[in-house]
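Peer 1: Structure incoming, see below.
There are 2 protein chains.
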Amino acid sequence: MRSLNVALDERAYDIHIGRGLIDRGDLFASVLKRKRAVVISNEVVAPLYASRVLAALDSVGVAHQLVVLPDGEIHKDWPTLNLIFDALLGARVERSTTLIALGGGVIGDMVGFAAATYQRGVPFIQVPTTLLSQVDSSVGGKTAINHPLGKNMIGAFYQPKLVLADIDTLDTLPDRELKAGLAEVIKYGLIRDREFFDWLEINMPRLLARDTEALAFAIERSCRNKAEVVIEDETEAGVRAHLNLGHTFGHAIETGLGYGEWLHGEAVAAGTLMAAELSRRLGWLNDADVARIRRIHDAAGLALRGPKMGVERYLELMSHDKKVEAGKLRLVLLKRIGEATVFGDAPVADIAASIERCCGDA
Amino acid sequence: MRSLNVALDERAYDIHIGRGLIDRGDLFASVLKRKRAVVISNEVVAPLYASRVLAALDSVGVAHQLVVLPDGEIHKDWPTLNLIFDALLGARVERSTTLIALGGGVIGDMVGFAAATYQRGVPFIQVPTTLLSQVDSSVGGKTAINHPLGKNMIGAFYQPKLVLADIDTLDTLPDRELKAGLAEVIKYGLIRDREFFDWLEINMPRLLARDTEALAFAIERSCRNKAEVVIEDETEAGVRAHLNLGHTFGHAIETGLGYGEWLHGEAVAAGTLMAAELSRRLGWLNDADVARIRRIHDAAGLALRGPKMGVERYLELMSHDKKVEAGKLRLVLLKRIGEATVFGDAPVADIAASIERCCGDA
Numbered sequence: 001m002r003s004l005n006v007a008l009d010e011r012a013y014d015i016h017i018g019r020g021l022i023d024r025g026d027l028f029a030s031v032l033k034r035k036r037a038v039v040i041s042n043e044v045v046a047p048l049y050a051s052r053v054l055a056a057l058d059s060v061g062v063a064h065q066l067v068v069l070p071d072g073e074i075h076k077d078w079p080t081l082n083l084i085f086d087a088l089l090g091a092r093v094e095r096s097t098t099l100i101a102l103g104g105g106v107i108g109d110m111v112g113f114a115a116a117t118y119q120r121g122v123p124f125i126q127v128p129t130t131l132l133s134q135v136d137s138s139v140g141g142k143t144a145i146n147h148p149l150g151k152n153m154i155g156a157f158y159q160p161k162l163v164l165a166d167i168d169t170l171d172t173l174p175d176r177e178l179k180a181g182l183a184e185v186i187k188y189g190l191i192r193d194r195e196f197f198d199w200l201e202i203n204m205p206r207l208l209a210r211d212t213e214a215l216a217f218a219i220e221r222s223c224r225n226k227a228e229v230v231i232e233d234e235t236e237a238g239v240r241a242h243l244n245l246g247h248t249f250g251h252a253i254e255t256g257l258g259y260g261e262w263l264h265g266e267a268v269a270a271g272t273l274m275a276a277e278l279s280r281r282l283g284w285l286n287d288a289d290v291a292r293i294r295r296i297h298d299a300a301g302l303a304l305r306g307p308k309m310g311v312e313r314y315l316e317l318m319s320h321d322k323k324v325e326a327g328k329l330r331l332v333l334l335k336r337i338g339e340a341t342v343f344g345d346a347p348v349a350d351i352a353a354s355i356e357r358c359c360g361d362a
Numbered sequence: 001m002r003s004l005n006v007a008l009d010e011r012a013y014d015i016h017i018g019r020g021l022i023d024r025g026d027l028f029a030s031v032l033k034r035k036r037a038v039v040i041s042n043e044v045v046a047p048l049y050a051s052r053v054l055a056a057l058d059s060v061g062v063a064h065q066l067v068v069l070p071d072g073e074i075h076k077d078w079p080t081l082n083l084i085f086d087a088l089l090g091a092r093v094e095r096s097t098t099l100i101a102l103g104g105g106v107i108g109d110m111v112g113f114a115a116a117t118y119q120r121g122v123p124f125i126q127v128p129t130t131l132l133s134q135v136d137s138s139v140g141g142k143t144a145i146n147h148p149l150g151k152n153m154i155g156a157f158y159q160p161k162l163v164l165a166d167i168d169t170l171d172t173l174p175d176r177e178l179k180a181g182l183a184e185v186i187k188y189g190l191i192r193d194r195e196f197f198d199w200l201e202i203n204m205p206r207l208l209a210r211d212t213e214a215l216a217f218a219i220e221r222s223c224r225n226k227a228e229v230v231i232e233d234e235t236e237a238g239v240r241a242h243l244n245l246g247h248t249f250g251h252a253i254e255t256g257l258g259y260g261e262w263l264h265g266e267a268v269a270a271g272t273l274m275a276a277e278l279s280r281r282l283g284w285l286n287d288a289d290v291a292r293i294r295r296i297h298d299a300a301g302l303a304l305r306g307p308k309m310g311v312e313r314y315l316e317l318m319s320h321d322k323k324v325e326a327g328k329l330r331l332v333l334l335k336r337i338g339e340a341t342v343f344g345d346a347p348v349a350d351i352a353a354s355i356e357r358c359c360g361d362a
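Those sequence lines, one after another, are chains Z and F. Position 244 of the first sequence, counted from 1, bears residue number 244 in the UniProt record's numbering, the numbering being contiguous throughout. Position 296 of the second sequence, counted from 1, bears residue number 296 in the UniProt record's numbering, the numbering being contiguous throughout.
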């Protein structure tokens, strides 16, 4: 088991990475305020792993119940969130009870937001079961639901008490989702960890083959990068925005096509290539850098082009981004591979040309 | 103008109390991140005071828009909260824009929760326009909406950047609401400020006559009490619970009758008399204390008895309280006038008898 700590003072917590962690009642029990927990999962993950989590809780005498939600980004909304509140209130769940999010990014974001707001805040544990949620969304305390006018528009910064990234749960992950998760892994290399980027160029086949050691290394390295950024800037006043490389373009794809059409990681990959192209136009990346970035995404089996929605539609959707300030679109771009920056002065013509070049049929 | 500061480190903020404050553009401008604000009010308060607030913002060059919600506790719910999100997203309101809550406790709680969760948090200002919100709900950062199964069950701790308690706005307050606000004023005397309780016994007629000096004193003294408690215990891990004297009984009344039938302060008053009766049964208060507590509520024109709902129904509704721990109802009771305590071991028979004695027709 690999472990690291997200050192946020009184909100600090551990991340454990390894196999068989969801069977470890001792790990769950170590952070519980009292011996009661509510496991919240979805109809895909619950049949696979909920019984193991409940058995682990039984083994340490923790009373529990299970709430199963519909699956998918399309359900990351208020009506589904309200199913959680209905279940908690119906069972008279108290402030001292811990919620356990068992699932991917949608479950983690939604259960995290439920924990942030149920009775003004109850403790919660993240048990991410997708590569994407293990390397990114389960760490750092961003929680949210979507609004028809924008992704993650309603949410809170609220840290979990523990993150258990169990590599066992990746065994049943569809290939498409594994690849989507790799987009966020590549991101850490691009924005702040060139050495990791180099490692990924060599080891991508091992990750696609689900080699345990390679996965454990990549997950730990990703979480370390994420934790360092979050410790420096918990509420995204500055450097944390770098984690959104490719996300402004990517959110436009997700919102434009309707949530769930493209996976989040797939949209981020296409968005990252747009951001790379724009960085090249601004003179920061050269052709070879852009080619490397395309190649590593290709090696991960990710789409290299966004959907054809029309540049105007992209720009319109991007204008809703949370990083817009004083009407100005602020984009995360690359100074070079391994160094990101937030830039608000990219000419609209260059943004449009970058989208145009990276979307539609090749 | 009287002023005090809620010293919560980087979340510290000022409370100003006086007349004509909503015309003071300089006060608003002093806490704005950038010159844009969204004023959110309801259909009763907006026609009375919104134009003054907007003119004040104009006078210091702050761009603004106004959102008007339906009025009443019955609208402190998700659909109404979502009207705020729709308006903010429709107008592409950014993270750096400040929300201004202009209204009573419902508007303050709901706009505060919108500010806590819109794009994971934007700044907001409280402009409470009822006595109850000026002395209580606008201070301390408790925000929430109701759920059909319980009051304030979904919310967050989220502090405003400024509170402007303008006594002008009390001029149009209906008598019934003024009296309801006095219930929360009396509360501070009961739980921690015996000297203030003594002052209230003498000055209640001046408050009912809306004497400016008496109101300013009572509001400031209440806010000071509240600020001291909040500074000591921001997230209600301990002493902050004392502010809920009468509230567990009171919430049962509000939920049981349907939100809006009884005003919050009216329900709190009846609940406080139940808590006083229970405190007497536990041997902490004597008959003379209980009589004084009844007298001061009577002098404020408040109902002395809760509605006849049946003791079982009261107990059932109270069991949803946020202070329930390990299945045990924890009640705020009085050791003596001026000193509260949280007590989890009151015999159910005594709780039931206290409700019985203080509800239904006399």
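Note that the Cβ used here is the ideal one computed from N, Cα and C, for glycine as well.
Between Arg210(Z) and chain F, is there a C-beta pair that is closer than 8 Å?
Peer 2: Judged by the 8 Å Cβ criterion, Arg210(Z) is not in contact with chain F.
Peer 1: Could you name the residues that DSSP lists as bridge partners for Gln65(F)?
Peer 2: DSSP output for Gln65(F) lists Val38(F) as bridge partner(s).
Peer 1: What number of angstroms, rounded off, separates the C-alpha of Arg336(Z) from the C-alpha of Pro79(F)?
Peer 2: Arg336(Z) and Pro79(F): Cα-Cα distance of roughly 46 Å.
Peer 1: Check the C-beta distance from Val324(Z) over to Glu94(F) and give it rounded, since I have them as a contact under 8 Å.
Peer 2: About 5 Å; that satisfies the 8 Å criterion.
Peer 1: Rounded to the nearest angstrom, what separates Gly258(F) and Ile74(F) at their Cα positions?
Peer 2: Straight-line Cα distance between these residues: approximately 8 Å.
Peer 1: Taking Val324(Z) as the query, report the chain F residues whose CB atoms sit under 9 Å from its CB, ordered along the chain.
Peer 2: Under the 9 Å cutoff, chain F gives Arg92, Glu94, Arg95.
Peer 1: If you scan the stretch 213 to 262 of chain Z from start to end, which runs of the alpha helix (DSSP H) of 4 or more residues do you find wholly inside it?
Peer 2: If we require 4 residues or more, the alpha helix (DSSP H) runs fully inside the stretch 213 to 262 of chain Z come out as 247 to 257.
Peer 1: Going by the CB atoms, is the gap between Ala87(F) and Leu99(F) shorter than 8 Å?
Peer 2: It is not a contact, given that the beta carbons lie outside the stated cut-off.
Peer 1: Within 8 Å (strictly less), CB to CB, does Tyr259(Z) reach chain F?
Peer 2: No, its Cβ sits nowhere closer than 8 Å to a Cβ of chain F.
Peer 1: Out of Pro307(Z), Ile186(Z), Ala55(Z), Leu208(Z), which has the shortest C-alpha to C-alpha gap to Asp171(Z)?
Peer 2: Nearest option by C-alpha distance: Leu208(Z).
Peer 1: With 8 Å as the C-beta to C-beta threshold (strictly closer), list the residues of the stretch 55 to 88 of chain Z near chain F in chain order.
Peer 2: Flagged, chain order: Trp78, Asn82, Phe85, Asp86.
Peer 1: So Lys142(Z) contacts chain F; which residues on that side make the cut at Cβ distance below 8 Å?
Peer 2: Near Lys142(Z) (Cβ distances below 8 Å), the residues of chain F are Arg120.
Peer 1: Report all residues from its chain with a CB closer than 7 Å to the CB of Ala63(F); omit the five preceding and five following residues, and keep chain order.
Peer 2: Answer for Ala63(F): Lys35, Arg36, listed in chain order.
Peer 1: Does any residue of chain F bring its CB to less than 8 Å from the CB of Phe157(Z)?
Peer 2: So, interface residue.
Peer 1: Note the first and the last residue of the continuous alpha helix (DSSP H) segment covering Ile296(F).
Peer 2: Segment 287 to 299, the alpha helix (DSSP H) holding Ile296(F).
Peer 1: Any beta-carbon of chain Z closer than 8 Å to the one on Ser30(F)?
Peer 2: Judged by the 8 Å Cβ criterion, Ser30(F) is not in contact with chain Z.
Peer 1: Give me the residue from Ser3(F), Gly327(F), Asp298(F), Val163(F) with the minimum Cα distance to Met204(F).
Peer 2: When only C-alpha atoms are compared, the closest one is Asp298(F).
Peer 1: Mind listing the chain F neighbours of Tyr240(Z)? Cutoff is C-beta to C-beta under 7 Å, in chain order.
Peer 2: Per the sequence shown, the amino acid found at residue 240(Z) is Arg instead of Tyr. Within chain F, no residue comes near Arg240(Z); the closest Cβ sits about 11 Å away, beyond 7 Å.
Peer 1: Could you pull out every residue in the same chain whose Cβ sits closer than 6 Å to the Cβ of Lys187(Z), ignoring the five residues on either side in sequence?
Peer 2: Leu245.
Peer 1: Out of Ala241(F), Glu201(F), Lys161(F), Asp345(F), which has the shortest C-alpha to C-alpha gap to Val6(F)?
Peer 2: Of Ala241(F), Glu201(F), Lys161(F), Asp345(F), the residue nearest in Cα terms is Lys161(F).
Peer 1: Could you check the C-alpha separation between Thr117(F) and Gly283(F) for me, to the nearest Å?
Peer 2: Cα to Cα, Thr117(F) sits roughly 45 Å from Gly283(F).
Peer 1: I'd like to check one pair, Lys76(Z) with Ile145(Z): are the Cβ atoms closer than 8 Å?
Peer 2: Yes; because the gap between Cβ atoms is below 8 Å, this pair is in contact.
Peer 1: Would you kindly work out how many angstroms separate the C-alpha atoms of Met309(F) and Glu236(F), rounded to a whole number?
Peer 2: Rounded to whole angstroms, Met309(F) to Glu236(F) spans 30 Å at the Cα level.
Peer 1: Can you tell me whether Arg126(F) is helix, strand or coil according to DSSP?
Peer 2: Just to set this straight, residue 126(F) is Gln in the shown sequence, not Arg. Strand.
Peer 1: Relative to chain Z, which residues along the stretch 99 to 116 of chain F have a C-beta separation below 7 Å, given in chain order?
Peer 2: Listed in sequence order: Ala116.
Peer 1: Strictly by DSSP, which residues pair up with Val163(Z)?
Peer 2: Val163(Z) pairs with Ile15(Z), Gln126(Z).
Peer 1: Quick test of the definition: if touching needs 3 or more C-beta pairs under 8 Å, does the stretch 148 to 157 of chain F touch the stretch 176 to 195 of chain F?
Peer 2: With a cut-off of 8 Å, the stretch 176 to 195 of chain F and the stretch 148 to 157 of chain F do not count as touching, because too few Cβ pairs lie within range.
Peer 1: Locate the beta strand (DSSP E) running through Met153(Z), then write down its first and last residues.
Peer 2: Met153(Z) -> beta strand (DSSP E) spans 150 to 157.
Peer 1: Tell me, please, which residues DSSP counts as bridged to Gly103(F).
Peer 2: Bridge partners of Gly103(F): Pro128(F).
Peer 1: Can Leu132(F) and His264(F) be called in contact, C-beta distance under 8 Å?
Peer 2: Closer than 8 Å, so yes.
Peer 1: Can you look up Lys187(F) in the DSSP assignment and give me helix, strand or coil?
Peer 2: Note: Lys187(F) maps to helix in three-state DSSP.
Peer 1: For Asn286(Z), count neighbouring Cβ atoms within 10 angstroms of its own Cβ and tell me buried if that reaches 16, exposed if not.
Peer 2: Exposed, because fewer than 16 other Cβ atoms sit within 10 Å of the Cβ of Asn286(Z).
Peer 1: May I ask you to report which of helix, strand or coil DSSP gives Val342(Z)?
Peer 2: The answer is strand: DSSP assigns Val342(Z) an E or B state.
Peer 1: Taking buried to mean at least 16 other C-beta atoms within 10 Å of its own C-beta, is Asp198(Z) buried or exposed?
Peer 2: Result: exposed.
Peer 1: Is residue 379(F) buried or exposed, if buried means 16 or more other CB atoms sit within 10 Å of its CB?
Peer 2: Given a span of 1 to 362 for chain F in the structure shown, any question on residue 379(F) remains unanswerable.
Peer 1: In whole angstroms, what separates the C-alpha of Leu27(Z) from that of Leu21(Z)?
Peer 2: Taking the straight line joining both Cα atoms gives about 8 Å.
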